[in-house]
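Residue numbers for the sequence shown follow this note's numbering, beginning at 81 and rising by one. Idealized CB from N, CA, C, for every residue including glycine.
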Amino acid sequence: MSTRTAVVTGASSGIGAATARRLAAEGYRVVLTARRKDRIEALAAELTGAGHEAVAYELDVTDTAAVTAFAVWLDDTATVDVLVNNAGGALGAETVEKADVADWRTMYETNVLGALNVTQALLPRLRTAPDGGTILIVSSTAGHATYEGGGGYVAAKHGSHVMAETLRLELCGEPVRVIEIAPGMVRTEEFALTRLRGDKEKAAAVYAGVAAPLTAEDVADTIAWAVTRPPHVNIDLLVVRPRAQASNYKVHREL
């Protein structure tokens, strides 16, 4: 049995699922959490069938009581060496003037308060990890620069970025690393489709003409590299974009 455990939130698809696969390949016992129980159970079965250690736990990270119960459940399973705060997402592309307050609230609760809930609940376990714990927050380039139509998501991801920075200051001197990975344009099966409320044509247009946007596996590879550095090495912030994207605004498209 592996002595290293990695908890991955939002593991039902996209970057979360890819990260779970990548960390399992690195020898971690992965604990998959997400609201879609069927998906994480299928992924856990896939990984177990491939000879890895994996377990699924249905979890809504915005539910503080549920997160507390999850932490209690973990007490009976293993130490926690790595926490990947990946659960998040975007809703809507309206201007600030026309934005839906409920969308903004959902994005903030998922991207920021969800990560806060899980971090608070698991920090005592991360502190006692044999080689030191690692908290990794998946933010976004949206957390470092603004753009029209992205106000709510940008605000939430700025919150993710600030939480990582603040945690790093507050935990300085303790055996816990805080890593922030900020991906740019990543093409997954759900992100743009969810953001644009199921409009397949608009979702496809986001990536139109971009020869090679990042994949979930690209980001998972970056996460695994950062997490597997020697314990004394902290990757404070790593921004990863496709070659075709120079900034949130400048993207080369072959139309």
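If you draw a straight line from the C-alpha of residue 333 to the C-alpha of residue 292, how long is it? For the purposes of this step, residue 333 is identified with residue 253 of the sequence shown, where counting begins at 1. For the purposes of this step, residue 292 is identified with residue 212 of the sequence shown, where counting begins at 1. Looking at the two C-alpha atoms, the distance is approximately 10 Å.
Given a cut-off of 9 Å, decide if residue 239 and residue 191 are closer than it, judged by their beta-carbon atoms. Looking up residue 191 in the sequence shown gives position 111. Looking up residue 239 in the sequence shown gives position 159. Against a cut-off of 9 Å, the Cβ pair of residue 239 and residue 191 comes out as a contact.
Counting only runs that start and end within the stretch 146–206, where is the beta strand (DSSP E) found for 3 or more residues in a row? Within the stretch 146–206, the complete beta strand (DSSP E) segments at least 3 residues long are 162–165, listed from N- to C-terminus.
Quick one: what does DSSP say residue 105 is sitting in, helix, strand or coil? Counted from its first residue, the sequence shown places residue 105 at position 25. DSSP places residue 105 in helix when its eight states are reduced to three.
For chain D, check one thing: does any of its Cβ atoms lie closer than 9 Å to the Cβ of residue 283? No chain D appears in the structure shown, which is made up of a single protein chain.
In three-state terms, what does DSSP make of residue 308? On the sequence shown, position 228 is the one that residue 308 refers to. Here residue 308 sits in coil by DSSP.
Reducing DSSP to helix, strand and coil, say where residue 317 ends up. Working through the sequence shown from its first residue, we reach residue 317 at position 237. Assignment of residue 317 by DSSP, reduced to helix, strand and coil, places it in the strand class.
Given a threshold of 16 other Cβ atoms within 10 Å of its Cβ, counted over all protein chains shown, does residue 220 qualify as buried or as exposed? Taking the first residue of the sequence shown as 1, we reach residue 220 at position 140. Burial call: buried.
Alpha carbon to alpha carbon, how far is residue 241 from residue 263? To locate residue 241, count along the sequence shown from 1; it is residue 161. To locate residue 263, count along the sequence shown from 1; it is residue 183. Rounded to the nearest angstrom, the two C-alpha atoms are 12 Å apart.
Beta-carbon gap between residue 93 and residue 270 smaller than 9 Å: Along the sequence shown, read from residue 1 onward, the residue named residue 93 stands at position 13. Along the sequence shown, read from residue 1 onward, the residue named residue 270 stands at position 190. For residue 93 and residue 270, yes; Cβs fall inside 9 Å.
For residue 217, which residues does DSSP report across the bridge? As a first step, residue 217 is located in the sequence shown; it is residue number 137 there, counting from the start. Paired residue(s): 165 and 260.
Limits of the unbroken alpha helix (DSSP H) element including residue 285: The residue given as residue 285 occupies position 205 in the sequence shown. Under the DSSP assignment, residue 285 falls in the alpha helix (DSSP H) whose first and last residues are 280–286.
Hey, residue 138 and residue 115 are a contact pair by Cβ (cut 8 Å); roughly how many whole angstroms apart? Stepping through the sequence shown from its first residue, residue 138 is reached at position 58. Stepping through the sequence shown from its first residue, residue 115 is reached at position 35. The C-beta separation of residue 138 from residue 115 comes to about 7 Å, placing the pair in contact by the 8 Å criterion.
What is the DSSP secondary structure of residue 270, reduced to helix, strand or coil? By 1-based counting over the sequence shown, the position of residue 270 is 190. Correct three-state label for residue 270: coil.
What residue range is occupied by the uninterrupted beta strand (DSSP E) comprising residue 331? In the sequence shown, the residue the question calls residue 331 occupies position 251. Where residue 331 is concerned, there is no enclosing beta strand (DSSP E), given that its DSSP letter is neither H nor E.
Give me whichever residues DSSP pairs with residue 86 in a beta bridge. As a first step, residue 86 is located in the sequence shown; it is residue number 6 there, counting from the start. DSSP, once it has assigned bridges, lists 110 and 162 as partnering residue 86.
Nearest residue (CA-CA) to residue 197, options 290, 163 and 121: Taking the sequence shown and counting its residues from 1, the one referred to as residue 197 is at position 117. Closest by alpha carbon: 163.
With DSSP collapsed to three states, give me the class of residue 335. Counted from its first residue, the sequence shown places residue 335 at position 255. In the structure shown, residue 335 sits in coil (DSSP, three-state: anything other than H, G, I, E or B).
Beta-carbon separation (whole angstroms), residue 175 vs residue 228, contact threshold 8 Å: Locating residue 175 in the sequence shown gives position 95, counting from the first residue. Locating residue 228 in the sequence shown gives position 148, counting from the first residue. About 7 Å separates the two Cβ atoms, so the contact holds.
In this structure, how does DSSP classify residue 290 when only helix, strand and coil are distinguished? To locate residue 290, count along the sequence shown from 1; it is residue 210. Residue 290 falls in the coil class under three-state DSSP.
Going by DSSP, which residues form a beta bridge with residue 134? Within the sequence shown, the letter at position 54 stands for residue 134. 110, per the DSSP bridge assignment.
Contact check, residue 217 vs residue 203, beta carbons under 9 Å: As a working note, residue 217 is residue 137 in the sequence shown. As a working note, residue 203 is residue 123 in the sequence shown. Cβ atoms of residue 217 and residue 203: not closer than 9 Å.
Cα-Cα separation between residue 282 and residue 276, rounded to whole angstroms: Taking the sequence shown and counting its residues from 1, one reaches residue 282 at position 202. Taking the sequence shown and counting its residues from 1, one reaches residue 276 at position 196. About 7 Å.
Compute the Euclidean distance between the alpha carbons of residue 89 and residue 289, then round it to the nearest angstrom. Here residue 89 is taken as the residue at index 9 of the sequence shown, counted from 1. Here residue 289 is taken as the residue at index 209 of the sequence shown, counted from 1. Rounded to whole angstroms, residue 89 and residue 289 show a C-alpha spacing of 31 Å.
Quick one: which unbroken alpha helix (DSSP H) runs of 4-plus residues sit fully inside the stretch 222–261? Chain order, please. 231–250
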